[in-house]
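Student: Residue numbers (the working numbering): 2 to 496. Supplied in C-alpha coordinates, the structure appears directly below.
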(Lines of atoms letter the chains of each structure in order from A and count residues from 1; the text may use other names and numbers.)
(Lines give C-alpha, C1' and ligand atoms only; values in the text may rest on other atoms or scores of the structure.)
Protein backbone atom coordinates (compact mmCIF):
# COMPACT_ATOMS: atom_id res chain seq x y z
CA UNK A 1 0.00 0.00 0.00
CA UNK A 2 2.97 2.28 0.48
CA UNK A 3 4.90 4.12 -2.18
CA UNK A 4 2.11 4.07 -4.78
CA UNK A 5 2.22 7.83 -5.34
CA UNK A 6 5.73 7.81 -6.74
CA UNK A 7 4.67 5.43 -9.55
CA UNK A 8 2.63 7.96 -11.41
CA UNK A 9 3.84 10.33 -14.08
CA UNK A 10 3.17 13.90 -15.08
CA UNK A 11 0.81 15.97 -12.98
CA UNK A 12 -0.22 18.65 -15.45
CA UNK A 13 -2.38 18.84 -18.54
CA UNK A 14 -2.38 20.83 -21.73
CA UNK A 15 -5.63 21.56 -23.58
CA UNK A 16 -5.45 19.63 -26.88
CA UNK A 17 -6.18 21.30 -30.20
CA UNK A 18 -8.64 18.51 -31.06
CA UNK A 19 -10.96 17.52 -28.19
CA UNK A 20 -10.46 13.98 -26.92
CA UNK A 21 -13.79 12.17 -27.32
CA UNK A 22 -14.33 8.92 -25.40
CA UNK A 23 -17.37 6.63 -25.55
CA UNK A 24 -18.94 6.51 -22.10
CA UNK A 25 -20.93 3.35 -21.34
CA UNK A 26 -22.72 5.30 -18.62
CA UNK A 27 -24.27 7.75 -21.10
CA UNK A 28 -24.04 5.56 -24.24
CA UNK A 29 -22.40 8.43 -26.12
CA UNK A 30 -19.05 9.98 -26.98
CA UNK A 31 -18.12 12.77 -24.60
CA UNK A 32 -15.19 15.21 -24.51
CA UNK A 33 -12.68 14.30 -21.82
CA UNK A 34 -11.28 17.03 -19.61
CA UNK A 35 -9.92 17.11 -16.09
CA UNK A 36 -12.12 18.42 -13.33
CA UNK A 37 -11.27 21.91 -12.02
CA UNK A 38 -8.15 21.82 -9.84
CA UNK A 39 -7.36 18.20 -10.85
CA UNK A 40 -3.74 17.56 -11.78
CA UNK A 41 -4.07 14.19 -13.50
CA UNK A 42 -6.56 11.65 -14.82
CA UNK A 43 -7.28 8.89 -12.30
CA UNK A 44 -7.89 5.57 -14.05
CA UNK A 45 -8.75 2.15 -12.63
CA UNK A 46 -8.61 -1.01 -14.75
CA UNK A 47 -10.14 -4.28 -13.56
CA UNK A 48 -7.20 -6.66 -13.54
CA UNK A 49 -6.81 -10.44 -13.75
CA UNK A 50 -7.45 -13.20 -11.26
CA UNK A 51 -3.92 -14.52 -10.87
CA UNK A 52 -4.51 -18.27 -10.95
CA UNK A 53 -2.85 -19.02 -14.29
CA UNK A 54 -1.24 -17.56 -17.39
CA UNK A 55 -3.44 -14.93 -19.01
CA UNK A 56 -4.61 -15.68 -22.55
CA UNK A 57 -4.36 -13.15 -25.37
CA UNK A 58 -8.03 -12.23 -25.03
CA UNK A 59 -7.26 -10.89 -21.57
CA UNK A 60 -4.03 -9.28 -22.77
CA UNK A 61 -5.98 -7.36 -25.42
CA UNK A 62 -7.77 -5.56 -22.59
CA UNK A 63 -4.52 -4.14 -21.26
CA UNK A 64 -3.25 -3.08 -24.67
CA UNK A 65 -6.54 -1.14 -24.90
CA UNK A 66 -5.94 0.55 -21.54
CA UNK A 67 -2.34 1.29 -22.58
CA UNK A 68 -3.57 2.98 -25.78
CA UNK A 69 -6.00 4.96 -23.63
CA UNK A 70 -3.22 5.99 -21.26
CA UNK A 71 -0.89 6.94 -24.13
CA UNK A 72 -3.64 8.95 -25.85
CA UNK A 73 -4.33 10.84 -22.63
CA UNK A 74 -0.62 11.59 -22.30
CA UNK A 75 -0.38 12.52 -26.00
CA UNK A 76 -3.03 15.13 -25.26
CA UNK A 77 -1.02 16.47 -22.34
CA UNK A 78 -2.86 14.82 -19.45
CA UNK A 79 -1.02 13.27 -16.54
CA UNK A 80 -2.31 9.78 -15.68
CA UNK A 81 -2.53 7.88 -12.41
CA UNK A 82 -3.30 4.27 -13.32
CA UNK A 83 -4.18 1.24 -11.20
CA UNK A 84 -4.58 -2.39 -12.33
CA UNK A 85 -5.63 -4.74 -9.53
CA UNK A 86 -4.83 -8.40 -8.95
CA UNK A 87 -7.47 -10.72 -7.50
CA UNK A 88 -5.44 -13.17 -5.44
CA UNK A 89 -7.90 -14.98 -3.22
CA UNK A 90 -10.86 -17.16 -3.92
CA UNK A 91 -14.38 -18.08 -2.99
CA UNK A 92 -16.10 -15.53 -5.17
CA UNK A 93 -15.25 -14.43 -8.66
CA UNK A 94 -18.74 -13.27 -9.57
CA UNK A 95 -22.26 -14.01 -8.49
CA UNK A 96 -22.79 -14.94 -12.14
CA UNK A 97 -19.85 -17.34 -12.45
CA UNK A 98 -20.69 -20.99 -12.26
CA UNK A 99 -18.40 -23.89 -11.49
CA UNK A 100 -15.23 -24.21 -9.46
CA UNK A 101 -13.63 -21.14 -7.92
CA UNK A 102 -10.67 -19.96 -10.01
CA UNK A 103 -8.12 -19.65 -7.22
CA UNK A 104 -9.10 -23.04 -5.79
CA UNK A 105 -8.81 -24.51 -9.28
CA UNK A 106 -5.34 -23.00 -9.62
CA UNK A 107 -4.21 -24.38 -6.25
CA UNK A 108 -5.37 -27.85 -7.23
CA UNK A 109 -3.48 -27.63 -10.54
CA UNK A 110 -0.31 -26.48 -8.76
CA UNK A 111 -0.60 -29.24 -6.15
CA UNK A 112 -1.04 -26.74 -3.31
CA UNK A 113 -3.38 -27.12 -0.34
CA UNK A 114 -6.14 -24.50 0.02
CA UNK A 115 -4.84 -21.74 2.29
CA UNK A 116 -4.45 -17.98 2.23
CA UNK A 117 -0.67 -18.37 2.18
CA UNK A 118 -0.74 -20.67 -0.86
CA UNK A 119 -3.15 -18.35 -2.65
CA UNK A 120 -0.72 -15.51 -2.04
CA UNK A 121 2.24 -17.61 -3.23
CA UNK A 122 0.49 -18.67 -6.44
CA UNK A 123 -0.93 -15.19 -6.98
CA UNK A 124 2.51 -13.55 -6.83
CA UNK A 125 3.90 -16.07 -9.32
CA UNK A 126 1.18 -15.47 -11.92
CA UNK A 127 1.12 -11.72 -11.28
CA UNK A 128 4.82 -11.61 -12.20
CA UNK A 129 4.08 -13.68 -15.32
CA UNK A 130 1.30 -11.27 -16.29
CA UNK A 131 3.54 -8.23 -15.86
CA UNK A 132 6.24 -9.90 -17.97
CA UNK A 133 3.69 -10.54 -20.72
CA UNK A 134 2.35 -6.99 -20.84
CA UNK A 135 5.89 -5.60 -20.66
CA UNK A 136 6.66 -7.65 -23.79
CA UNK A 137 3.68 -5.87 -25.37
CA UNK A 138 5.45 -2.57 -24.61
CA UNK A 139 3.31 -1.57 -21.64
CA UNK A 140 5.28 0.40 -19.08
CA UNK A 141 4.62 -1.61 -15.91
CA UNK A 142 6.79 0.77 -13.89
CA UNK A 143 4.26 3.57 -14.27
CA UNK A 144 1.26 1.52 -13.08
CA UNK A 145 0.23 0.52 -9.55
CA UNK A 146 -0.62 -3.18 -9.18
CA UNK A 147 -2.32 -3.70 -5.81
CA UNK A 148 -3.27 -7.19 -4.61
CA UNK A 149 -6.81 -7.62 -3.30
CA UNK A 150 -5.51 -9.56 -0.29
CA UNK A 151 -3.59 -6.47 0.86
CA UNK A 152 -6.82 -4.49 1.09
CA UNK A 153 -9.06 -6.88 3.04
CA UNK A 154 -9.21 -4.50 6.07
CA UNK A 155 -10.40 -1.73 3.72
CA UNK A 156 -13.01 -4.09 2.27
CA UNK A 157 -14.27 -5.04 5.73
CA UNK A 158 -14.47 -1.35 6.68
CA UNK A 159 -16.52 -0.55 3.56
CA UNK A 160 -18.93 -3.41 4.26
CA UNK A 161 -19.35 -2.13 7.82
CA UNK A 162 -20.15 1.33 6.45
CA UNK A 163 -22.76 -0.14 4.11
CA UNK A 164 -24.28 -2.07 7.00
CA UNK A 165 -24.39 1.03 9.20
CA UNK A 166 -26.09 3.01 6.42
CA UNK A 167 -28.72 0.32 5.91
CA UNK A 168 -27.51 -0.86 2.50
CA UNK A 169 -26.49 -4.34 3.67
CA UNK A 170 -28.17 -7.20 5.49
CA UNK A 171 -26.97 -10.44 7.00
CA UNK A 172 -27.92 -13.89 5.76
CA UNK A 173 -26.90 -17.37 6.85
CA UNK A 174 -23.99 -17.53 4.42
CA UNK A 175 -22.75 -13.95 4.69
CA UNK A 176 -23.64 -10.33 4.09
CA UNK A 177 -25.59 -9.08 1.06
CA UNK A 178 -25.98 -5.68 -0.56
CA UNK A 179 -29.65 -4.67 -0.63
CA UNK A 180 -30.15 -3.35 -4.17
CA UNK A 181 -33.70 -2.19 -3.35
CA UNK A 182 -32.17 0.42 -1.03
CA UNK A 183 -30.15 1.91 -3.91
CA UNK A 184 -32.58 3.57 -6.37
CA UNK A 185 -29.96 4.02 -9.09
CA UNK A 186 -29.01 0.34 -9.27
CA UNK A 187 -28.13 -0.78 -12.79
CA UNK A 188 -26.93 2.59 -14.12
CA UNK A 189 -24.79 0.93 -16.79
CA UNK A 190 -27.70 -1.14 -18.07
CA UNK A 191 -27.52 -4.72 -19.38
CA UNK A 192 -28.82 -6.08 -16.06
CA UNK A 193 -29.13 -9.88 -16.02
CA UNK A 194 -31.12 -10.77 -12.93
CA UNK A 195 -31.10 -14.50 -13.62
CA UNK A 196 -27.32 -14.43 -13.95
CA UNK A 197 -27.03 -12.98 -10.47
CA UNK A 198 -28.78 -15.80 -8.68
CA UNK A 199 -27.16 -16.90 -5.46
CA UNK A 200 -26.68 -20.46 -6.66
CA UNK A 201 -23.81 -19.61 -8.98
CA UNK A 202 -20.98 -19.78 -6.44
CA UNK A 203 -22.90 -20.22 -3.24
CA UNK A 204 -25.88 -22.27 -2.14
CA UNK A 205 -29.22 -20.66 -2.92
CA UNK A 206 -30.03 -18.59 0.16
CA UNK A 207 -33.73 -18.33 1.05
CA UNK A 208 -32.87 -15.20 3.03
CA UNK A 209 -31.69 -13.38 -0.10
CA UNK A 210 -34.29 -10.69 -0.70
CA UNK A 211 -33.85 -10.09 -4.42
CA UNK A 212 -32.13 -11.87 -7.33
CA UNK A 213 -30.08 -8.70 -7.92
CA UNK A 214 -28.70 -8.60 -4.36
CA UNK A 215 -25.05 -9.61 -4.22
CA UNK A 216 -22.62 -10.90 -1.63
CA UNK A 217 -20.36 -8.46 0.18
CA UNK A 218 -18.96 -11.08 2.56
CA UNK A 219 -19.00 -14.88 2.25
CA UNK A 220 -18.86 -16.83 5.50
CA UNK A 221 -16.51 -19.81 5.34
CA UNK A 222 -17.35 -22.95 7.27
CA UNK A 223 -13.94 -24.45 6.35
CA UNK A 224 -12.17 -21.83 8.49
CA UNK A 225 -9.67 -20.68 5.84
CA UNK A 226 -10.57 -17.01 5.51
CA UNK A 227 -10.14 -13.73 7.37
CA UNK A 228 -11.58 -12.70 10.72
CA UNK A 229 -14.39 -10.17 10.46
CA UNK A 230 -17.41 -8.87 12.40
CA UNK A 231 -19.38 -11.59 10.56
CA UNK A 232 -17.03 -14.41 11.42
CA UNK A 233 -14.33 -16.09 9.36
CA UNK A 234 -14.74 -15.71 5.61
CA UNK A 235 -13.88 -13.90 2.37
CA UNK A 236 -14.92 -10.61 0.79
CA UNK A 237 -17.17 -10.78 -2.25
CA UNK A 238 -15.54 -10.15 -5.62
CA UNK A 239 -17.10 -6.75 -6.26
CA UNK A 240 -16.11 -5.10 -2.99
CA UNK A 241 -12.36 -5.46 -3.62
CA UNK A 242 -12.40 -3.02 -6.55
CA UNK A 243 -14.46 -0.45 -4.64
CA UNK A 244 -12.14 -0.63 -1.63
CA UNK A 245 -8.95 -0.35 -3.70
CA UNK A 246 -10.30 2.57 -5.73
CA UNK A 247 -11.27 4.39 -2.55
CA UNK A 248 -7.94 3.63 -0.85
CA UNK A 249 -5.61 4.49 -3.76
CA UNK A 250 -7.46 6.89 -6.05
CA UNK A 251 -10.18 8.40 -3.88
CA UNK A 252 -13.96 8.36 -3.67
CA UNK A 253 -14.40 9.41 -7.29
CA UNK A 254 -12.26 8.77 -10.35
CA UNK A 255 -12.15 9.89 -13.97
CA UNK A 256 -12.08 6.61 -15.92
CA UNK A 257 -12.95 3.01 -15.07
CA UNK A 258 -12.34 0.28 -17.66
CA UNK A 259 -13.10 -3.39 -18.08
CA UNK A 260 -14.40 -5.96 -20.53
CA UNK A 261 -17.98 -5.87 -21.80
CA UNK A 262 -18.65 -8.93 -19.64
CA UNK A 263 -18.18 -6.72 -16.56
CA UNK A 264 -21.07 -4.40 -17.40
CA UNK A 265 -24.17 -6.39 -16.32
CA UNK A 266 -23.03 -7.51 -12.87
CA UNK A 267 -19.59 -6.49 -11.65
CA UNK A 268 -19.55 -2.84 -12.68
CA UNK A 269 -23.19 -2.19 -11.79
CA UNK A 270 -22.47 -3.68 -8.38
CA UNK A 271 -19.30 -1.62 -7.98
CA UNK A 272 -21.22 1.57 -8.67
CA UNK A 273 -23.96 0.68 -6.19
CA UNK A 274 -21.73 -0.26 -3.26
CA UNK A 275 -19.20 2.54 -3.82
CA UNK A 276 -21.73 5.34 -4.19
CA UNK A 277 -23.79 4.01 -1.28
CA UNK A 278 -20.72 3.80 0.97
CA UNK A 279 -19.14 7.15 0.09
CA UNK A 280 -22.24 9.20 -0.66
CA UNK A 281 -20.46 10.45 -3.78
CA UNK A 282 -21.76 10.07 -7.33
CA UNK A 283 -20.59 9.18 -9.90
CA UNK A 284 -17.95 6.66 -8.87
CA UNK A 285 -16.38 7.19 -12.31
CA UNK A 286 -17.15 9.92 -14.84
CA UNK A 287 -16.26 7.66 -17.77
CA UNK A 288 -16.86 3.92 -18.04
CA UNK A 289 -15.10 2.28 -20.99
CA UNK A 290 -15.38 -1.36 -22.04
CA UNK A 291 -13.47 -3.49 -24.52
CA UNK A 292 -15.15 -6.00 -26.78
CA UNK A 293 -14.06 -9.64 -26.82
CA UNK A 294 -11.23 -11.04 -28.89
CA UNK A 295 -12.60 -13.83 -31.05
CA UNK A 296 -11.21 -16.86 -32.84
CA UNK A 297 -13.30 -18.72 -35.41
CA UNK A 298 -16.40 -16.76 -34.35
CA UNK A 299 -16.02 -17.63 -30.66
CA UNK A 300 -14.69 -15.40 -27.94
CA UNK A 301 -11.27 -16.49 -26.68
CA UNK A 302 -11.82 -17.84 -23.18
CA UNK A 303 -10.79 -20.78 -21.04
CA UNK A 304 -14.45 -21.82 -20.94
CA UNK A 305 -14.43 -22.12 -24.74
CA UNK A 306 -11.25 -24.22 -24.72
CA UNK A 307 -9.61 -22.05 -27.38
CA UNK A 308 -7.05 -20.08 -25.41
CA UNK A 309 -3.75 -18.89 -26.85
CA UNK A 310 -1.09 -17.41 -24.58
CA UNK A 311 1.75 -15.07 -25.48
CA UNK A 312 4.39 -17.79 -25.21
CA UNK A 313 2.49 -19.77 -27.89
CA UNK A 314 2.86 -16.80 -30.22
CA UNK A 315 6.55 -16.30 -29.49
CA UNK A 316 7.29 -20.02 -29.90
CA UNK A 317 5.87 -19.84 -33.44
CA UNK A 318 8.38 -17.15 -34.39
CA UNK A 319 6.20 -14.07 -33.92
CA UNK A 320 7.26 -10.89 -32.17
CA UNK A 321 4.98 -9.90 -29.25
CA UNK A 322 4.53 -6.48 -30.87
CA UNK A 323 2.98 -8.19 -33.90
CA UNK A 324 0.12 -9.08 -31.56
CA UNK A 325 -0.04 -5.46 -30.39
CA UNK A 326 -0.20 -4.33 -34.04
CA UNK A 327 -3.03 -6.82 -34.63
CA UNK A 328 -4.97 -5.34 -31.70
CA UNK A 329 -4.42 -1.81 -33.06
CA UNK A 330 -6.05 -2.86 -36.31
CA UNK A 331 -9.50 -3.20 -34.68
CA UNK A 332 -11.40 -0.58 -32.71
CA UNK A 333 -11.71 -1.50 -29.05
CA UNK A 334 -15.54 -1.44 -29.24
CA UNK A 335 -15.55 -3.87 -32.17
CA UNK A 336 -14.95 -7.61 -31.65
CA UNK A 337 -11.42 -8.30 -32.89
CA UNK A 338 -10.67 -11.53 -34.73
CA UNK A 339 -7.51 -13.51 -34.08
CA UNK A 340 -6.08 -15.99 -36.57
CA UNK A 341 -2.54 -17.08 -37.30
CA UNK A 342 -2.92 -15.68 -40.82
CA UNK A 343 -3.98 -12.29 -39.44
CA UNK A 344 -1.01 -12.35 -37.06
CA UNK A 345 1.35 -13.14 -39.96
CA UNK A 346 -0.03 -10.14 -41.85
CA UNK A 347 0.31 -7.94 -38.76
CA UNK A 348 3.94 -9.00 -38.33
CA UNK A 349 4.76 -8.16 -41.95
CA UNK A 350 3.16 -4.73 -41.57
CA UNK A 351 5.07 -4.14 -38.34
CA UNK A 352 8.37 -5.11 -39.96
CA UNK A 353 7.70 -2.85 -42.95
CA UNK A 354 6.95 0.07 -40.63
CA UNK A 355 10.06 -0.67 -38.59
CA UNK A 356 12.17 -0.86 -41.75
CA UNK A 357 10.78 2.42 -43.08
CA UNK A 358 11.26 4.34 -39.84
CA UNK A 359 14.72 2.85 -39.34
CA UNK A 360 16.14 4.41 -42.52
CA UNK A 361 18.82 7.03 -41.79
CA UNK A 362 18.18 10.12 -43.89
CA UNK A 363 18.31 12.96 -41.39
CA UNK A 364 16.12 13.79 -38.43
CA UNK A 365 13.17 15.34 -40.25
CA UNK A 366 10.27 17.26 -38.72
CA UNK A 367 6.73 15.96 -38.14
CA UNK A 368 4.33 17.26 -40.79
CA UNK A 369 1.71 19.43 -39.00
CA UNK A 370 -1.24 18.65 -41.29
CA UNK A 371 -0.63 14.89 -41.00
CA UNK A 372 -0.09 15.13 -37.25
CA UNK A 373 -3.46 16.87 -37.03
CA UNK A 374 -5.19 14.18 -39.11
CA UNK A 375 -3.72 11.37 -37.02
CA UNK A 376 -4.55 13.13 -33.75
CA UNK A 377 -8.14 13.61 -34.91
CA UNK A 378 -8.48 9.86 -35.47
CA UNK A 379 -6.89 8.94 -32.14
CA UNK A 380 -8.98 11.57 -30.34
CA UNK A 381 -12.15 10.14 -31.87
CA UNK A 382 -12.58 7.44 -29.23
CA UNK A 383 -9.15 5.85 -29.82
CA UNK A 384 -9.63 5.11 -33.53
CA UNK A 385 -6.35 3.24 -33.96
CA UNK A 386 -7.41 1.53 -37.24
CA UNK A 387 -8.09 4.95 -38.75
CA UNK A 388 -4.81 6.36 -37.45
CA UNK A 389 -2.85 3.40 -38.83
CA UNK A 390 -4.52 3.82 -42.22
CA UNK A 391 -3.42 7.47 -42.29
CA UNK A 392 0.16 6.47 -41.45
CA UNK A 393 0.30 4.10 -44.44
CA UNK A 394 -1.31 6.73 -46.67
CA UNK A 395 1.33 9.23 -45.59
CA UNK A 396 4.17 6.76 -46.21
CA UNK A 397 2.96 6.12 -49.76
CA UNK A 398 2.70 9.81 -50.68
CA UNK A 399 5.68 10.52 -53.02
CA UNK A 400 5.26 14.27 -52.61
CA UNK A 401 6.30 14.18 -48.95
CA UNK A 402 9.82 14.28 -47.57
CA UNK A 403 10.72 10.74 -46.37
CA UNK A 404 12.60 12.18 -43.39
CA UNK A 405 9.56 14.25 -42.35
CA UNK A 406 7.25 11.27 -42.83
CA UNK A 407 9.51 9.17 -40.60
CA UNK A 408 9.39 11.89 -37.95
CA UNK A 409 5.59 11.95 -38.22
CA UNK A 410 5.36 8.16 -37.83
CA UNK A 411 7.63 8.26 -34.79
CA UNK A 412 5.34 10.91 -33.30
CA UNK A 413 2.26 8.72 -33.87
CA UNK A 414 4.12 5.81 -32.29
CA UNK A 415 3.94 7.63 -28.96
CA UNK A 416 0.39 6.24 -28.95
CA UNK A 417 0.83 3.09 -31.05
CA UNK A 418 3.63 1.85 -28.79
CA UNK A 419 5.29 -0.27 -31.49
CA UNK A 420 8.88 0.82 -30.67
CA UNK A 421 9.33 2.09 -34.23
CA UNK A 422 12.85 3.29 -34.88
CA UNK A 423 14.31 1.36 -31.96
CA UNK A 424 14.04 -2.34 -32.88
CA UNK A 425 15.18 -5.00 -30.43
CA UNK A 426 17.31 -8.00 -31.42
CA UNK A 427 14.28 -10.15 -32.25
CA UNK A 428 12.85 -7.48 -34.57
CA UNK A 429 16.22 -7.05 -36.29
CA UNK A 430 16.52 -10.81 -36.78
CA UNK A 431 12.99 -11.10 -38.18
CA UNK A 432 13.57 -8.13 -40.48
CA UNK A 433 16.83 -9.63 -41.76
CA UNK A 434 15.05 -12.92 -42.45
CA UNK A 435 12.26 -11.21 -44.40
CA UNK A 436 13.98 -8.29 -46.09
CA UNK A 437 17.69 -9.03 -45.79
CA UNK A 438 20.55 -7.24 -44.06
CA UNK A 439 21.32 -3.64 -45.13
CA UNK A 440 24.65 -3.45 -46.98
CA UNK A 441 26.64 -0.29 -47.76
CA UNK A 442 27.15 0.24 -51.51
CA UNK A 443 30.93 0.52 -51.18
CA UNK A 444 31.16 -2.89 -49.45
CA UNK A 445 29.30 -4.80 -52.17
CA UNK A 446 31.13 -7.36 -54.33
CA UNK A 447 32.18 -5.78 -57.61
CA UNK A 448 29.70 -7.80 -59.68
CA UNK A 449 26.76 -6.75 -57.48
CA UNK A 450 27.88 -3.13 -57.47
CA UNK A 451 28.08 -3.15 -61.28
CA UNK A 452 24.50 -4.43 -61.53
CA UNK A 453 23.27 -1.78 -59.07
CA UNK A 454 24.99 0.98 -61.03
CA UNK A 455 23.65 -0.36 -64.34
CA UNK A 456 20.15 -0.41 -62.87
CA UNK A 457 20.47 3.19 -61.68
CA UNK A 458 21.55 4.20 -65.19
CA UNK A 459 18.51 2.39 -66.64
CA UNK A 460 16.21 4.19 -64.20
CA UNK A 461 17.74 7.56 -65.10
CA UNK A 462 17.02 6.79 -68.76
CA UNK A 463 13.49 5.69 -67.77
CA UNK A 464 14.21 2.23 -69.14
CA UNK A 465 11.91 0.56 -66.61
CA UNK A 466 11.93 -2.85 -68.30
CA UNK A 467 15.72 -3.11 -68.04
CA UNK A 468 15.60 -1.81 -64.45
CA UNK A 469 13.11 -4.56 -63.52
CA UNK A 470 15.27 -7.17 -65.27
CA UNK A 471 18.33 -6.08 -63.28
CA UNK A 472 16.31 -6.13 -60.03
CA UNK A 473 15.33 -9.73 -60.79
CA UNK A 474 18.98 -10.57 -61.49
CA UNK A 475 19.96 -9.15 -58.09
CA UNK A 476 17.29 -11.25 -56.37
CA UNK A 477 18.70 -14.41 -57.97
CA UNK A 478 22.03 -13.47 -56.38
CA UNK A 479 20.30 -12.99 -52.96
CA UNK A 480 20.31 -9.20 -53.01
CA UNK A 481 17.24 -6.96 -52.79
CA UNK A 482 17.10 -3.31 -53.77
CA UNK A 483 14.84 -0.56 -52.48
CA UNK A 484 14.50 2.74 -54.33
CA UNK A 485 14.41 5.84 -52.13
CA UNK A 486 14.61 9.58 -52.72
CA UNK A 487 18.18 9.40 -51.42
CA UNK A 488 19.21 6.60 -53.77
CA UNK A 489 19.08 2.80 -53.72
CA UNK A 490 19.25 0.78 -50.49
CA UNK A 491 20.73 -2.70 -50.83
CA UNK A 492 19.86 -5.72 -48.68
CA UNK A 493 21.59 -9.08 -48.63
CA UNK A 494 19.07 -11.90 -48.27
CA UNK A 495 19.96 -14.61 -45.80
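Note that beta-carbon positions come from the ideal geometry of N, C-alpha and C, so glycine has one too.
Could you pull the start and end residues of the alpha helix (DSSP H) that residue 235 belongs to?
Tutor: First-last for residue 235: 235 to 237, but that is the beta strand (DSSP E), not the alpha helix (DSSP H).
Student: On the CB-based measure, 16 or more other CB atoms within 10 Å of its CB, does residue 272 come out buried or exposed?
Tutor: Buried, since its Cβ has 16 or more Cβ neighbours within 10 Å.
Student: Which residues in the same chain as residue 382 place their Cβ atom closer than 7 Å to its Cβ, once the five residues preceding and following it in sequence are excluded?
Tutor: Excluding positions up to five away in sequence, the list reads 22.
Student: Let me make sure I understand the geometry here. Which of 147, 144, 222 and 148 has the alpha-carbon closest to that of residue 175?
Tutor: Of the candidates 147, 144, 222 and 148, the one whose C-alpha sits nearest the C-alpha of residue 175 is 222.
Student: Go to residue 111, then tell me how far its alpha helix (DSSP H) extends in each direction, as first and last residue.
Tutor: Residue 111 -> alpha helix (DSSP H) spans 103 to 111.
Student: Can you give the Cα-Cα distance for residue 414 and residue 68, rounded to whole angstroms?
Tutor: Going by the C-alpha atoms only, they are around 14 Å apart.
Student: What residue from 478, 65, 341 and 279 has the CA that sits closest to residue 308's CA?
Tutor: The residue with the shortest Cα to Cα distance from residue 308 is 341.
Student: So what does DSSP say about residue 349, is it helix, strand or coil?
Tutor: Of the three classes helix, strand and coil, the one that applies to residue 349 here is helix, per DSSP.
Student: Compare the Cα-Cα distances from residue 240 to each of 424, 328, 154 and 29 and report the closest residue.
Tutor: The shortest C-alpha separation from residue 240 is found at 154.
Student: So, for residue 359: in the same chain, excluding its five sequence neighbours on each side, which residues have a beta-carbon less than 7 Å away from its beta-carbon?
Tutor: The residues are 408, 411, 412, 422 and 423.
Student: Which class does residue 124 belong to by DSSP, given the choice of helix, strand or coil?
Tutor: It is helical.
Student: Take the Cβ of residue 1 as the centre, count every other Cβ of all protein chains shown within 10 Å, and call the residue buried at 16 or more, exposed below.
Tutor: For residue 1 there is no data in the structure shown, the boundaries of the chain being 2 and 496.
Student: Suppose the cutoff is 8 Å on Cβ atoms and the five residues either side in sequence are ignored; what does the same chain contact list for residue 279 look like?
Tutor: For residue 279, where only same-chain residues beyond five positions count, the Cβ hits under 8 Å are 160, 163, 164, 167, 169, 244 and 248.
Student: Could you spell out where the beta strand (DSSP E) holding residue 482 opens and where it closes?
Tutor: Residue 482 -> beta strand (DSSP E) spans 481 to 486.
Student: By DSSP's criteria, residue 32 is part of a beta bridge. Which residues make up the other side?
Tutor: Note: residue 32 sits in a beta bridge opposite 23.
Student: In whole angstroms, give me the CA-to-CA distance for residue 282 and residue 254.
Tutor: Looking at the two C-alpha atoms, the distance is approximately 7 Å.
Student: What is the DSSP secondary structure of residue 264, reduced to helix, strand or coil?
Tutor: Helix at residue 264.
Student: Which class does residue 478 belong to by DSSP, given the choice of helix, strand or coil?
Tutor: Note: residue 478 maps to helix in three-state DSSP.
Student: So if DSSP puts residue 219 in a beta bridge, which residue, or which two residues, is it bridged to?
Tutor: Residue 219 is bridged to 177 and 237.
Student: Along the chain, where does the beta strand (DSSP E) that runs through residue 287 open and close?
Tutor: Residues 286 to 292.
Student: How big is the Cα-Cα spacing for residue 53 and residue 104?
Tutor: Cα to Cα, the separation comes out at about 5 Å.
Student: Which same chain residues, not among the five before or five after residue 30, have their C-beta less than 8 Å away from its C-beta?
Tutor: 24.
Student: Run through the DSSP bridge pairs and tell me what residue 71 is partnered with.
Tutor: Beta-bridge pairing links residue 71 to no other residue.
Student: Using a 10 Å radius around the Cβ and a threshold of 16 neighbouring Cβ atoms, would you call residue 377 buried or exposed?
Tutor: Buried, by the Cβ-count rule.
Student: Roughly how many angstroms lie between the CA atoms of residue 469 and residue 458, to the nearest whole one?
Tutor: Rounded to the nearest angstrom, the two C-alpha atoms are 8 Å apart.
Student: Residue 455: which of 489, 431, 150 and 320 sits nearest, CA to CA?
Tutor: Here the closest residue by C-alpha is 489.
Student: When the Cβ atoms of the region 36 to 43 are set against those of the region 107 to 125, are three or more pairs found closer than 8 Å?
Tutor: Counting Cβ pairs under 8 Å, fewer than three are found: no touch.
Student: Around the C-beta of residue 491, are 16 or more other C-beta atoms found within 10 angstroms, so that it is buried, or is it exposed?
Tutor: Answer is buried; the Cβ neighbour count reaches 16.
Student: Indicate whether at least one CB of chain D lies closer than 8 Å to the CB of residue 276.
Tutor: In the structure shown, chain D cannot be found, because there is only a single protein chain.
Student: Take residue 302 and list the residues in its own chain whose beta-carbon comes closer than 8 Å to its own, dropping the five residues that flank it on each side.
Tutor: Only 57, 58, 59, 294, 295, 296, 308, 309, 310 and 340 meet the Cβ criterion.
Student: If we count Cβ pairs, one from each stretch, closer than 8 Å, do we get three or more for the region 341 to 356 versus the region 427 to 435?
Tutor: The region 341 to 356 is in contact with the region 427 to 435.
Student: Using 8 Å as the cut-off, can you tell me whether the region 397 to 405 makes contact with the region 439 to 455, which would need three or more C-beta pairs spanning the two stretches below that distance?
Tutor: Not touching, per the Cβ criterion.
Student: Tell me whether the beta-carbon of residue 216 lies closer than 8 Å to the beta-carbon of residue 184.
Tutor: In this structure, residue 184 does not lie closer than 8 Å to residue 216 by Cβ.
Student: Can you name, in chain order, every residue of its own chain whose Cβ lies under 8 Å from the Cβ of residue 345, other than the five neighbours on each side?
Tutor: These residues qualify, in order along the chain: 315, 320, 324, 325 and 328.
Student: Could you please give the first and the last residue of the uninterrupted beta strand (DSSP E) stretch that includes residue 83?
Tutor: 81 to 85 is the extent of the beta strand (DSSP E) around residue 83.
Student: So if DSSP puts residue 295 in a beta bridge, which residue, or which two residues, is it bridged to?
Tutor: For residue 295, which the question treats as bridged, DSSP gives the partners 338.
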